[in-house]
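Asker: For what it's worth, the UniProt record's numbering labels the leading residue of the sequence shown as 1, then goes sequentially. Think of the CB as a built atom: it goes at the ideal place given N, C-alpha and C, for glycine as much as any other residue.
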Amino acid sequence: MIDDKVRSIVRTLSEAKGRHFFESIVPALSNAIDADYAYVAELNDTLDHATTLALTAGGELIDNINYSLKDTPCANVADDSVCVHECKIQNLYPQDQLLVEMGIEAYVGTPLFDSDGKVIGLVVALYKQPLTNSGPIESLFLLFAGLISGELEKRNKNQQLQLSQRVLDTSYDAIVVCDQNKLINYVNPAFEQITGYRLEEVLGRNPKLLNSGRQQDEFYTQMWRSIDEHGSWSGEIWNRRKDGRVYPSWLTISSVLNSQGEATHYTGIAHDISAQKAFEEKILFQATHDLLTGLPNRALFLEKLQEILDRNAETGQPIGVMIFNIDHFKLVNHTLGHHNGNQLLCRLAERISQAQGQDGLVGRTGGDEFALLLQQRNGEPRLQQQAQNLQELLRTPLSLHGQNHQLTASIGLSIFDANSSNADELISHATSAMEAARNSGRNRLRLFDPQLRQQLEQRIQLRQRLHDAIENERFEVHYQPIIDLSSSKVIKCEALIRWFDEHRQPVPPDRFIPIAEEFGYMPAIGQQVLETACRDLSHLQQRYEQPLQLAINRSIQEFPFDHNRIDRWLDTIAAHQLDCGSIEFEITESLLAPEHDSYLQALNRLKQAGCHIAIDDFGTGYSSLSYLQRFPVDLLKIDRAFVNALPDDHQAHSLVAAIIAMAKALNIKVVAEGIETPEQRHALVEMGCEYGQGFQIARPMNLEKLEAFLDSYLEG
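1. Is methionine 1 helix, strand or coil by DSSP?
2. In whole angstroms, what separates the C-alpha of valine 362 from that of arginine 568?
3. Can you find at least 3 beta carbon pairs, one from the region 232-252 and one from the region 134-151, that sit closer than 8 Å?
4. Candidates Val477, His20, Phe301, Gln129: which alpha carbon is nearest glycine 103's?
5. On the CB-based measure, 16 or more other CB atoms within 10 Å of its CB, does phenylalanine 512 come out buried or exposed?
6. Can you find at least 3 beta carbon pairs, one from the region 419-434 and one from the region 391-406, that sit closer than 8 Å?
7. Can you check DSSP and say which residues form a bridge with alanine 551?
8. DSSP puts lysine 669 in a beta bridge; with which residues?
9. Going by DSSP, which residues form a beta bridge with phenylalanine 500?
10. What's the C-alpha gap between isoleucine 659 and alanine 50?
11. Comparing C-alpha positions only, which one of Ile308, Asp34, Ile491 sits nearest to alanine 423?
12. Which residues in the same chain as methionine 1 place their Cβ atom closer than 8 Å to its Cβ, once the five residues preceding and following it in sequence are excluded?
13. Considering only their Cβ atoms, is the gap separating arginine 498 from histidine 478 smaller than 8 Å?
14. With distance defined between alpha-carbon atoms, name the residue in Asp327, Glu558, Ser538 nearest to leucine 703.
15. Between the alpha carbons of alanine 645 and alanine 652, how many angstroms are there, rounded?
16. Which residues in the same chain as threonine 293 place their Cβ atom closer than 7 Å to its Cβ, once the five residues preceding and following it in sequence are excluded?
17. Give the straight-line distance between the Cα atoms of serine 432 and aspartate 327, rounded to the nearest whole angstrom.
18. Relative to the C-alpha of tyrosine 521, which residue among Pro508, Arg465, Leu540 is closest?
19. Looking at the strands, I want to know which residues DSSP matches up with aspartate 484.
20. With DSSP collapsed to three states, give me the class of phenylalanine 475.
21. Apart from the five residues just before and just after arginine 541, which ones in its own chain have a Cβ nearer than 8 Å to its Cβ?
22. Report the residue ranges of all alpha helix (DSSP H) runs contained in full by the region 133-161; include only those spanning at least 4 residues, in chain order.
23. Tell me which residue opens and which closes the beta strand (DSSP E) that glycine 235 is part of.
24. Buried or exposed: which applies to lysine 208, given that a residue is buried once 16 or more other Cβ atoms fall within 10 Å of its Cβ?
25. Could you pull out every unbroken alpha helix (DSSP H) segment of at least 4 residues lying fully inside the UniProt domain "GGDEF" (317-450), listed in chain order?
26. Assuming leucine 606 contacts phenylalanine 585 (C-beta within less than 8 Å), just tell me the rounded distance between them.
27. Select from Ala683, Gly367, Pro73, Glu679 the residue whose C-alpha is nearest the C-alpha of serine 654.
28. Are there 16 or more other CB atoms within 10 angstroms of the CB of histidine 85, so buried, or fewer, so exposed?
29. For isoleucine 104, which of helix, strand or coil comes out of DSSP?
30. Just tell me which of Met687, Cys534, Ala469 has its CA closest to the CA of residue 729.
31. Nearest-angstrom Cα distance between phenylalanine 22 and alanine 41?
32. Give me, in chain order, the residues of the same chain whose beta-carbon lies closer than 7 Å to that of leucine 485; leave out the 5 immediate sequence neighbours on both sides.
33. I need the boundaries of the alpha helix (DSSP H) containing threonine 532, first residue and last residue.
34. By how many angstroms is the C-alpha of glutamate 676 removed from the C-alpha of glutamate 314?
35. When the Cα of threonine 264 is compared with those of Ser171, Arg198, Gln180, which residue comes out closest?
36. Less than 8 Å between the beta carbons of glycine 320 and serine 410, yes or no?
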């Protein structure tokens, strides 16, 4: 009898194909054992729910169901055991409503295992009448359980393969699989779309066919060394499309190992970062160029000037720098309006650039201040003549809206010689000469000469006074509140150094900080500021019994190659019983530059201790997205130059919005510096900027005034 039933089931299966297997075997089993209901079900990963793959009632297929295993006999089957109840099943599982609704009296269930011995499904037969002999049913279930398990496991694996294939086919990233000889045996559709190569064109070929020539052989040697030693490599790479165009990608290559640890395949996933690079280049351009005129800003002008000086060091060709400032331009803005004043500046920049030619170097180094490079093979006198010609050009009226406007300028000229050490000094000399021209009546050209060295001597005197101030700890720390722009809640304060001389006269930071940096005084000054700030913060936290954070500026000179100074910072914080999380160190973008990659350890040390890291004046220096991702940055501070142009300047608005969007994508907070008007604050809130500081919120103040401010704020 059982043999006949087995033959009947086998005959049915011989006619079933592929996905119809379960729809064939369940009715065959049901008819063979006269079950009122029978089904094969797969279990979820947590083994608490089952979904039928084929379900019969009276031997006929009906709609599949999904049900919970809790308080059911199937839960026992899922626990790796055959479950048989020949009668009164409802009494044993009173919480199983499905048994009641179906009127079930008897139950037979067998688990299905995968090749690893894990339960993945069940075979179940249900009866409305008690069973007198369940043995043949169990025998049939056990006989076919292996076959059903195999089909179920094969089905699951096929689904996983199909899912994986869909992921590969729909991925926006180019995916390449190479064999152990590094020859391509698979690429996905995204690869074809990005590179322009079809699958049949690259099969069996080395991925070197994408080589753009931008990377040296050493680059690839190090890349494969990393793959061989560590199993993977990730980095930025430039490849070449079939049509010859090059494009940047972020490439990750991983080796696939067999059980002996040998690489059998290599997978490469390349994300086209052309749009990101274009965005990064746009950010970099806007950070290194004047937003109004498109000319190089001061930082870029200095960089290019130094490059030219280095190239010309051997030839000795005379090089001059001309700095000029438009006379009484504030009056021009007041008379014509800022919009027309800006248009005049653009016209002037265009005129100077055309006069200098494509190889000339012109920069806008201030609001109405410009810098020009002068080169002349015929000696210094010709440089002065060239400067005079440009002076006459500046005096030529500019036409705007049908009216001519004559501008004059105070011009300083500095000529590079053996006494000039670098671009900074050349610019400094030219600026000193310009100041002398302005102080002597404007509308004139002044050449830097020994008479101007008096100013340099005064600078040396300032250096000595600065040294004395450090020795006698004459610095004070003032604090400027930083608020949450949405709630107006004070979240932190920035610590700002102030220096009052022996007559209690303030010395502006922009006068003494550059000297401190030049002569290496910043570490000592920075330590004094940190000591004072930590002492004041400890006092404030005890007084107000609530968390308050301080942002403390750090100069690039304060970041050492060893950890001794970092240890001292952390010891200072601990000595005042402060949590490191209450201290935020502000650094400039220049610290992220590739040549300062060794500072990453120092920043990571601070971050691991709990300190926060902020990038000050963001948008004015080195702003590579790849370095932002590598360095432990918590917060970006948008430079006040961009905030000042809000809300009317479209370029500034776009740049600020782009910085905020980029920061959000990197999970980095943003502070806007220099907020001076309600309109600027509103524009920043609309763009999603979290925090802000500036005169519109609160001016820097000493500790006593800060306490009064916080008292008023907390009372309000």
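Answerer: Taking the geometry as given:
1. Against the sequence shown, residue 1 aligns to sequence position 1. Per-residue confidence for methionine 1 stands at a pLDDT of 48, beneath the threshold of 50, marking its modelled position as unreliable; the derived number appears in the next sentence. The answer is coil: DSSP assigns methionine 1 none of H, G, I, E or B.
2. For the purposes of this step, residue 362 is taken as residue 362 along the sequence shown, with counting starting at 1. For the purposes of this step, residue 568 is taken as residue 568 along the sequence shown, with counting starting at 1. So the alpha carbons of these two residues sit roughly 44 Å apart.
3. The region 232-252 is not in contact with the region 134-151.
4. In the sequence shown, the residue the question calls residue 103 occupies position 103. Sorting Val477, His20, Phe301, Gln129 by C-alpha distance to the C-alpha of glycine 103 places Gln129 at the top.
5. If you number the sequence shown from 1, residue 512 lands on position 512. Buried, since its Cβ has 16 or more Cβ neighbours within 10 Å.
6. No, the region 419-434 does not touch the region 391-406.
7. For the purposes of this step, residue 551 is taken as residue 551 along the sequence shown, with counting starting at 1. Beta-bridge partners of alanine 551 (DSSP): Glu494, Glu584.
8. Residue mapping note: residue 669 aligns to position 669 of the sequence shown, counting from 1. Answer is Leu635, bridged to lysine 669.
9. Locating residue 500 in the sequence shown gives position 500, counting from the first residue. Paired residue(s): Pro506.
10. Here the question's residue 659 lines up with position 659 in the sequence shown. Here the question's residue 50 lines up with position 50 in the sequence shown. Approximately 50 Å between the Cα atoms of the pair.
11. Sequence index remark: in the sequence shown, residue 423 carries index 423 (1-based). Selected option, being the one with the closest Cα: Ile308.
12. Stepping through the sequence shown from its first residue, residue 1 is reached at position 1. Unreliable positioning characterises methionine 1 in this predicted model, as indicated by a pLDDT of 48, which lies under 50. The coordinate reading is nonetheless provided below. Around methionine 1: Pro136.
13. Translated into positions along the sequence shown, residue 478 becomes position 478. Translated into positions along the sequence shown, residue 498 becomes position 498. Going by C-beta atoms, histidine 478 is nearer than 8 Å to arginine 498.
14. Residue mapping note: residue 703 aligns to position 703 of the sequence shown, counting from 1. Of the listed residues, the one whose Cα sits closest to leucine 703 is Ser538.
15. On the sequence shown, position 645 is the one that residue 645 refers to. On the sequence shown, position 652 is the one that residue 652 refers to. If you draw a straight line from the Cα of alanine 645 to the Cα of alanine 652, it comes to about 6 Å.
16. Translated into positions along the sequence shown, residue 293 becomes position 293. Correct list, in chain order: Leu345, Cys346, Ala349, Arg364.
17. Reading the sequence shown from its first residue, position 432 is the one you call residue 432. Reading the sequence shown from its first residue, position 327 is the one you call residue 327. Distance between serine 432 and aspartate 327, taken at the CA atoms: about 16 Å.
18. Mapped onto the sequence shown, residue 521 falls at position 521. Proximity to tyrosine 521 across Pro508, Arg465, Leu540 peaks at Arg465, based on C-alpha coordinates.
19. Here residue 484 is taken as the residue at index 484 of the sequence shown, counted from 1. In the DSSP assignment, aspartate 484 forms a beta bridge with Tyr691.
20. By one-based count along the sequence shown, residue 475 stands at place 475. Correct three-state label for phenylalanine 475: strand.
21. Start at 1 with the first residue of the sequence shown, and residue 541 comes out as number 541. A small fix is needed here, since residue 541 is glutamine in this sequence, not arginine. Same-chain partners within the cutoff: Pro547, Leu548, Leu578, Ser582.
22. Listed in chain order, there is nothing to give.
23. Position 235 of the sequence shown holds residue 235. 232-240 is the span of the beta strand (DSSP E), which, as asked, contains glycine 235.
24. Along the sequence shown, one-based indexing puts residue 208 at 208. Classification for lysine 208: exposed.
25. Within the UniProt domain "GGDEF" (317-450), the complete alpha helix (DSSP H) runs of at least 4 residues are 329-336, 338-356, 380-395, 423-439.
26. For the purposes of this step, residue 606 is taken as residue 606 along the sequence shown, with counting starting at 1. For the purposes of this step, residue 585 is taken as residue 585 along the sequence shown, with counting starting at 1. Right, their Cβ atoms sit about 6 Å apart.
27. Here residue 654 refers to the residue found at position 654 of the sequence shown. The shortest Cα separation from serine 654 among Ala683, Gly367, Pro73, Glu679 belongs to Ala683.
28. Translated into the one-based positions of the sequence shown, residue 85 becomes position 85. In this structure histidine 85 is buried. Its beta-carbon is surrounded by 16 or more other beta-carbon atoms within 10 angstroms.
29. The count along the sequence shown starts at 1 and reaches residue 104 at position 104. Correct three-state label for isoleucine 104: coil.
30. As displayed, the chain neither begins before 1 nor continues past 716, which places residue 729 out of reach and without an answer.
31. Translated into positions along the sequence shown, residue 22 becomes position 22. Translated into positions along the sequence shown, residue 41 becomes position 41. Straight-line spacing of the CA atoms in phenylalanine 22 and alanine 41 works out to 10 Å.
32. By one-based count along the sequence shown, residue 485 stands at place 485. Within the same chain, Arg681, Leu684, Val685, Cys689, Glu690, Tyr691, Gly692 come within 7 Å of leucine 485 by CB-CB distance, once the 5 residues on both sides are set aside.
33. As a working note, residue 532 is residue 532 in the sequence shown. Per DSSP, the continuous alpha helix (DSSP H) segment holding threonine 532 begins and ends at 522-544.
34. Numbered from 1 along the sequence shown, position 314 holds the residue referred to as residue 314. Numbered from 1 along the sequence shown, position 676 holds the residue referred to as residue 676. So the two alpha carbons sit approximately 49 Å from each other.
35. The residue you call residue 264 lines up with position 264 of the sequence shown. Selection Ser171, Arg198, Gln180 evaluated against threonine 264 yields Gln180 as nearest (Cα-Cα).
36. Here residue 320 is taken as the residue at index 320 of the sequence shown, counted from 1. Here residue 410 is taken as the residue at index 410 of the sequence shown, counted from 1. Result no, Cβ atoms of glycine 320 and serine 410 do not sit closer than 8 Å.
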